[in-house]
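Read the structure below first, then the notes.
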């Protein structure tokens, strides 16, 4: 039995949709770990979605790793392959589950032997458009990103990439697939190319908001429309989630920058951690940075681990907010459970004791109805594929927000912008 899918191909500089055949799924002839072959949420996505940026997508396919149906099919198998973990228990999909919009629903991810990391797993949906990968931007490409979890002892646990390749190469079906796709036996660079190629097919648009922007005025309700205006005005979300403060972004809602938003810094002595990081981590050593980010309290330093610049202490990448409703919990440490909690955090201008707080963080004076409108707008960014999950999650979060609002501080939200702490002297 073969499956047929529609996938994105970039040929001669033009975005084209073609059909391709996947590999055989006859389990009696394969020893491969099962993958959700028939789950439409896991399949490569069509570029023909309302709101999908065709030209931008074409530009994001690297010249040295062109898309082919066979390579994408191999990458999909590897994405769900538990042999890429040292004990055969964890795959890429463990933390990036298609059923959860390629996230895992946990505050921070859990890897081999139940080991708990320091960072929340971001979705890979639309990750191909990111200028950098990971919360701290420690690598630029999806190929580089795919390598680090495999060799991180908390995540997938292999001592090196060659050890993971050895487990893959022991399977004859993988030997055949690599030779068919790349013309050579399994190896590390090709393994990463295949996974990255699959990840680049995970486009997620076609949300009610996309239909609204395309001219369907009734695609979102009045609350979401008011939320969209608040998002770009009083809510100050456009300080980070826009192309510029005056140019709205209706595609990715990102500024490709890093910000300290006042999350988590008080729990750690970041000044001491920063000095330790300067001594222990050589600039550009991505393996050491990855270790610190996932396995130690230095995770709280964020972008500073890469730049070693004091202004970047506890700064993290602006995330794409598409499908944000179904990819919680929120922020780099997964510390906030609902979108109401997220907005409450910003509404009170939290983090004033944080000496490195972004200058744009301040009380917003949003009313309860305004907060509801902002949530309605963000809910409208849920892609059609996740419509049912989104409806259920919105109902759950709304019910929780009516009884439990740990971040709400109305007095501070409507108060003046207070002075903040100055960075400590060296």
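Residue numbers (our numbering): 699 to 1124.
We treat Cβ as the ideally placed atom computed from N, Cα and C, and that holds for glycine.
1) Classify residue 1070 as helix, strand or coil using the three-state DSSP reduction.
2) In whole angstroms, what is the alpha-carbon distance linking residue 797 and residue 803?
3) Give the secondary structure of residue 880 by DSSP, where H, G and I count as helix, E and B as strand, and everything else as coil.
4) I'd like to confirm the pairing. Which residues does DSSP put opposite residue 795 in its beta bridges?
5) Is the beta carbon of residue 1095 less than 9 Å from the beta carbon of residue 1073?
6) Could you spell out the range, first to last residue, of the alpha helix (DSSP H) harbouring residue 887?
7) Please state whether DSSP places residue 909 in a helix, a strand or coil.
8) Is it buried or exposed for residue 1001, if we count other Cβ within 10 angstroms and need 16 for buried?
9) Does the distance between the C-beta of residue 904 and the nearest non-hydrogen atom of the ligand ZN fall short of 8 Å?
10) Can you tell me where the alpha helix (DSSP H) holding residue 1045 begins and where it ends?
11) CA-CA distance, residue 1113 and residue 916?
12) Measure the alpha-carbon distance for residue 885 versus residue 953 and round it to whole angstroms.
13) Pull up the CB-CB distance for residue 823 and residue 898, whole angstroms please, since I reckon it's below 8 Å.
14) Roughly how many angstroms separate the alpha carbons of residue 840 and residue 1097, rounded to a whole number?
15) Am I right that residue 1024 and residue 799 are in contact with their C-beta atoms under 8 Å? What's the rounded C-beta distance?
16) Can you tell me whether residue 872 is helix, strand or coil according to DSSP?
17) DSSP beta-bridge partners for residue 1015?
18) Given residue 675, which residues of its chain have a CB within under 6 Å of its CB, disregarding the five upstream and five downstream residues?
19) Let me know the secondary structure DSSP gives residue 808 once reduced to three states.
20) Starting from residue 983 and walking both ways along the alpha helix (DSSP H), at which residues does that stretch end?
21) DSSP three-state call for residue 974: helix, strand or coil?
22) My assumption, with CB atoms under 8 Å, is that residue 1006 sits in contact with residue 976. Please give the rounded CB distance.
23) Under the assumption that residue 957 contacts residue 938 (Cβ atoms under 8 Å), give the Cβ distance between them as a whole number of angstroms.
24) Could you name each continuous alpha helix (DSSP H) segment of 4 residues or more that falls completely within the region 829-866, going from the start of the chain to the end?
25) Give me the DSSP bridge partner(s) of residue 1000.
26) Rounded to a whole number of angstroms, what is the C-alpha to C-alpha distance between residue 1107 and residue 1042?
27) In this structure, how does DSSP classify residue 1034 when only helix, strand and coil are distinguished?
28) Pick out whichever of 786, 768, 900, 1069 has its Cα sitting closest to the Cα of residue 924.
29) Give me the DSSP bridge partner(s) of residue 814.
30) Going along the chain, which residues of its own chain have a beta-carbon closer than 7 Å to the beta-carbon of residue 862, five neighbours each way excluded?
31) How should residue 754 be labelled, buried or exposed, when 16 other C-beta atoms within 10 angstroms of its C-beta is the threshold for buried?
32) Do residue 1062 and residue 1119 come within 9 Å of each other at the CB atom, strictly closer than that value?
33) By Cβ distance below 6 Å, which residues in the same chain neighbour residue 774 in space, the five residues on each side in sequence not counted?
34) Within 10 Å of its beta-carbon, does residue 878 have 16 or more other beta-carbons around it, so buried, or fewer, so exposed?
35) Please list, in chain order, all residues of the same chain as residue 749 whose beta carbon is under 6 Å from its beta carbon, the five residues on each side excluded.
36) According to DSSP, is residue 1176 part of a helix, a strand, or is it coil?
Result, derived from the coordinates:
1) helix
2) 10 Å
3) If DSSP states are grouped into helix, strand and coil, residue 880 belongs with the helices.
4) DSSP lists 801 as partners of residue 795.
5) yes
6) Segment 886-897, the alpha helix (DSSP H) holding residue 887.
7) helix
8) buried
9) No copy of the ligand ZN appears in this structure; indeed no ligand is present at all.
10) 1037-1045
11) 36 Å
12) 35 Å
13) Rounded, the Cβ-Cβ distance is 11 Å, inconsistent with contact.
14) 37 Å
15) Indeed they touch by this definition, with Cβ atoms about 5 Å apart.
16) Helix at residue 872.
17) Residue pairing by DSSP places residue 1015 opposite 956 in a beta bridge.
18) An answer regarding residue 675 cannot be provided, because it is not within the stretch 699 to 1124 covered by the chain.
19) strand
20) Taken as a continuous stretch (DSSP letters only), residue 983 belongs to no alpha helix (DSSP H), as it is neither H nor E.
21) Reduced to three states, the DSSP call for residue 974 is helix.
22) 6 Å
23) 6 Å
24) 840-848
25) 1013
26) 7 Å
27) strand
28) Looking at 786, 768, 900, 1069, the one whose alpha-carbon comes closest to that of residue 924 is 1069.
29) According to the DSSP secondary-structure assignment, residue 814 is paired through a beta bridge with 808.
30) 782, 848, 856
31) exposed
32) no
33) Once the five neighbours on either side are set aside, the close Cβ partners of residue 774 are 896.
34) exposed
35) Its chain contains 903, 908 as the residues whose beta carbon lies nearer than 6 Å to that of residue 749, once the 5 sequence neighbours on both sides are disregarded; these appear in chain order.
36) With the chain covering only 699 through 1124, there is no way to say anything about residue 1176.
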